[in-house]
Amino acid sequence: MAHKHGHRRERIQFANTEDKQEFSKYPTKAGRRSLSRSISQSSTDSYSSAASYTDSSDDETSPRDKTQVNSHGSSDFCVKNIKQAEFGRREIEIAEQDMSALISLRKRAQGEKPLAGAKIVGCTHITAQTAVLIETLVALGAQCRWTACNIYSTQNEVAAALAETGVPVFAWKGESEDDFWWCIDRCVNTEGWQANMILDDGGDLTHWVYKKYPSVFKKVRGIVEESVTGVHRLYQLSKAGKLCVPAMNVNDSVTKQKFDNLYCCRESILDGLKRTTDIMFGGKQVVVCGYGEVGKGCCTALKALGAIVCITEIDPICALQACMDGFRVVKLSEVIRQMDVVITCTGNKNVVTREQLDRMKNGCIVCNMGHSNTEIDVASLRSPELTWERVRSQVDHIIWPDGKRVVLLAEGRLLNLSCSTVPTFVLSITATTQALALIELFNAPEGRYKQDVYLLPKKMDEYVASLHLPNFDAHLTELSDEQAKYMGLNKNGPFKPNYYRY
């Protein structure tokens with residue numbers, strides 16, 4: 037994996053080679069520095085087509101080199117421009133309107149402060165929606181320090197608004213790989229403050245604390261993780277007997293997986309592609325790699341607009357589901373020459389290889405909807421015979437010697453968060469689930485959770501769903517005593533056994 041532009045894993049010093057080998061197995065998602073000046077400049081633009089008011093392309097100073105102070109005199113943050121805080125506050129207010137469940141949780145619980153004493157260090161996408169979560173955690177008594185899990189998805193003005201209210205935030209859009217790890221380190225390593233809870237998206241923060249600050253890691257009461265990639269890394273730690281704190285796998289809780297992964301991607305895949313390429317989908321040949329919840333959401337949307345969609349799958353069950361939903365299941369190498377769009381949704385690595393990129397037709401659009409930026413072998417495209425041309429924010433044309441162009445979106449990173457936005461309502465469901473998981477782990481009596489990875493209790497999943505029903509004026513039917521007895525259920529739930537798959 038050595039690479040002349042420096043690969044981000046090599047920045048970490050390991051005490052022994054075994055640790056280094058173990059770490060290097062994990063998928064990662066911060067990126068490499070871009071090749072040419074023109075590319076690196078545009079990747080530090082603070083605006084993209086995502087909702088951001090502020091164009092900072094005239095300001096090339098790194099936030100790390102600036103001294104900024106909020107109105108309370110604190111400088112314990114690092115954002116693009118603290119003066120954008122007012123814009124960010126408006127963004128957060130808009131998000132709050134569609135996150136009523138989180139707001140009602142805030143109102144119900146802020147009297148008893150269930151997170152008083154919690155010191156939460158967080159690494160997520162920093163958007164208006166996450167800000168509503170962070171401010172809810174603060175209202176429930178927590179102290180928070182926050183950083184970004186993706187170098188492109190931060191909304192600068194939202195980061196400024198959080199810093200203005202006194203939450204130490206270290207993030208800006210278009211960070212370099214070095215900035216990414218520096219921000220994580222600044223969150224964790226601070227005088228007189230030690231985290232006792234971790235909220236992570238992708239596992240980078242967890243692993244940074246695990247490797248660099250083992251004494252902090254051992255004292256953490258719990259970790260809450262929300263991505264496929266991060267959960268995979270937690271299970272690997274657990275299997276190796278190295279997870280010394282309980283962790284909550286929020287990704288596989290029903291209210292995350294069946295909503296965020298499915299319905300959210302069903303709406304945001306089209307948004308990301310339209311904003312970046314203005315493509316018309318009718319009659320286009322599209323291949324979606326992976327038919328899990330994300331793949332299913334993407335395919336539903338593409339099919340509805342008249343695209344001709346085929347699927348690649350490794351799992352016979354998901355493949356059979358795809359067949360029953362009317363999609364052809366193929367091998368990527370069989371169809372690659374005919375495809376107009378290639379979308380990865382697997383969470384795996386090298387799903388689209390250099391050899392396949394070489395065989396794509398002129399104008400093929402390639403993008404990734406999985407969490408990790410390893411799915412498309414972008415590293416292999418950084419070679420002397422290929423020319424990179426930045427066409428607009430997050431859109432690169434890669435030009436082969438014969439003039440063929442492939443359109444690469446967000447340098448292979450998460451399309452919907454890098455190039456568009458994600459529906460607020462769905463994020464409310466996920467954020468409420470995360471908040472409840474933090475409350476549960478922080479308040480759990482000694483011994484309830486051992487050093488392992490847990491799923492959220494089903495009762496909580498149902499509670500999250502019920503908080504969102506008033507939005508639709510939905511009225512639940514209540515079981516009669518006779519019906520409850522017949523089904524062997526408590527009238528108040530849980531209504532399904534743990535193995536039920538929805």
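End of the sequence shown sits at 538 in the numbering used here; the numbers just go up one at a time, nothing left out. Using N, Cα and C, we set each Cβ at its ideal position, and we do this for glycine too.
Requested in this report: Could you tell me which residues DSSP pairs with glutamate 425 in its beta bridges?
Outcome: His433
Query raised in the report: Should the segment 399-416 be called in touch with the segment 345-354, which here means at least 3 C-beta pairs below 8 Å?
Result: Verdict: no, contact absent.
Query raised in the report: What runs of the alpha helix (DSSP H), each 4 residues or longer, lie entirely inside the segment 176-249?
Result: 192-200, 213-224 and 240-248
Query raised in the report: How many angstroms separate the CA atom of glycine 266 from the CA atom of glutamate 211?
Result: 21 Å
Query raised in the report: The beta strand (DSSP E) spanning lysine 155 covers which residue range?
Result: Taken as a continuous stretch (DSSP letters only), the beta strand (DSSP E) holding lysine 155 covers 155-160.
Report task. Note down the Cα distance separating cysteine 185 from leucine 491, rounded to an integer number of angstroms. Result -> 22 Å
Requested in this report: Following the continuous alpha helix (DSSP H) through tyrosine 536, name the residue where it begins and the one where it ends.
Outcome: No alpha helix (DSSP H) contains tyrosine 536, which DSSP labels as neither H nor E.
**Report entry** Separation of asparagine 479 from asparagine 524, as counted between CA atoms
**Finding:** Here residue 524 is glycine; the residue named in the question, asparagine, does not match the sequence. Glycine 524 and asparagine 479: Cα-Cα distance of roughly 30 Å.
Query raised in the report: Exposed or buried, what is tryptophan 229 when buried is set at 16 or more other beta-carbons lying within 10 Å of its beta-carbon?
Result: exposed
Query raised in the report: Near arginine 395, what residues of its chain come up, given a Cβ to Cβ distance below 6 Å and the 5 sequence neighbours on each side ignored?
Result: Ile372 and Arg373
Query - Run of the alpha helix (DSSP H) containing glutamine 470, from where it starts to where it stops - result: Looking at the DSSP string, the run of the alpha helix (DSSP H) that includes glutamine 470 is 460-479.
**Report entry** Cβ neighbours of leucine 515 in the same chain (closer than 8 Å, five flanking residues each side left out)
**Finding:** Excluding positions up to five away in sequence, the list reads Met523, Leu525 and Lys527.
Requested in this report: With a 10 Å radius around its C-beta and 16 neighbouring C-beta atoms as the bar for buried, classify serine 82 as buried or exposed.
Outcome: Annotation note: pLDDT 33 at serine 82 (below 50); position unreliable, no value reported.
Report task. May I ask which residues mark the beginning and end of the alpha helix (DSSP H) holding tyrosine 327? Result -> Unbroken run through tyrosine 327: none, as it is neither H nor E.
**Report entry** Start-end ranges of the alpha helix (DSSP H) lying completely within the segment 310-395, minimum 4 residues
**Finding:** Counting only runs of 4 or more, we get 329-340, 352-360, 368-371 and 390-395.
Query raised in the report: Do the segment 500-511 and the segment 466-481 make contact, defined as three or more Cβ pairs closer than 8 Å?
Result: At 8 Å Cβ cutoff, the stretches touch.
Query raised in the report: What first and last residue would you give for the beta strand (DSSP E) that runs through methionine 135?
Result: No beta strand (DSSP E) holds methionine 135; DSSP gives it neither H nor E.
Requested in this report: Count the CB pairs spanning the segment 443-456 and the segment 123-140 that are closer than 8 Å, and state whether there are at least three.
Outcome: Taking 8 Å as the limit for Cβ pairs, the verdict is that the segment 123-140 does not touch the segment 443-456.
Report task. Can you grab the Cα-Cα spacing for the pair threonine 190 / tryptophan 208, in whole Å? Result -> 6 Å
Report task. Would you mind working out which of Thr201, Ala520, Asp236 and Arg537 sits nearest lysine 494, comparing C-alpha positions? Result -> For lysine 494, the closest C-alpha among the options Thr201, Ala520, Asp236 and Arg537 is that of Arg537.
Requested in this report: Quick one: residues in its chain with C-beta nearer than 8 Å to the C-beta of glycine 202, no 5 flanking neighbours on either side, listed in chain order?
Outcome: Asn106, His108 and Ser110
Query raised in the report: Got a sec? Which residues, its chain only, sit under 8 Å from threonine 172 by beta carbon, not counting five neighbours each side?
Result: Leu138, Ile139, Leu141, Arg142, Ala467 and Ala471
**Report entry** Alpha-carbon to alpha-carbon, glutamate 213 and methionine 233
**Finding:** 25 Å
**Report entry** Per DSSP, the bridge partner or partners of valine 442
**Finding:** Cys400 and Ile434
**Report entry** histidine 268, buried or exposed, once every other Cβ within 10 Å from all chains shown has been counted against 16
**Finding:** buried
Query raised in the report: Is glutamate 261 helix, strand or coil by DSSP?
Result: strand
Query - Beta-carbon gap between threonine 312 and leucine 445 smaller than 7 Å - result: Yes.
Query raised in the report: Hey, how far is the Cα of glutamate 148 from the Cα of threonine 226?
Result: 28 Å
Report task. Out of Val387, Ala343, Ala167 and Tyr485, state which residue places its alpha-carbon closest to the alpha-carbon of glycine 448. Result -> Val387
Query raised in the report: Which term fits cysteine 223, buried or exposed, when burial requires 16 or more other beta carbons within 10 angstroms of its beta carbon?
Result: buried
Query - Runs of beta strand (DSSP E) wholly within the segment 268-310 (minimum 3 residues, chain order) - result: 283-285
Report task. Can you give me the Cβ contacts of threonine 183 inside the same chain, cut-off strictly under 6 Å, excluding the 5 residues immediately before and after it? Result -> Cys159, Phe206, Ala207, Cys219, Ile220 and Cys223
Query raised in the report: Do you know how far the Cα of lysine 275 is from the Cα of arginine 484?
Result: Each residue's Cα considered, the two are about 20 Å apart.
Query raised in the report: Considering leucine 151, what are the terminal residues of the alpha helix (DSSP H) in which it resides?
Result: Neither: leucine 151 is in no alpha helix (DSSP H) and is coded neither H nor E.
Query raised in the report: Are the segment 128-136 and the segment 161-168 touching, with three or more C-beta to C-beta distances below 8 Å?
Result: yes
Query raised in the report: Are at least three pairs of beta-carbons, each pair with one atom in the segment 425-439 and one in the segment 314-330, less than 8 Å apart?
Result: no
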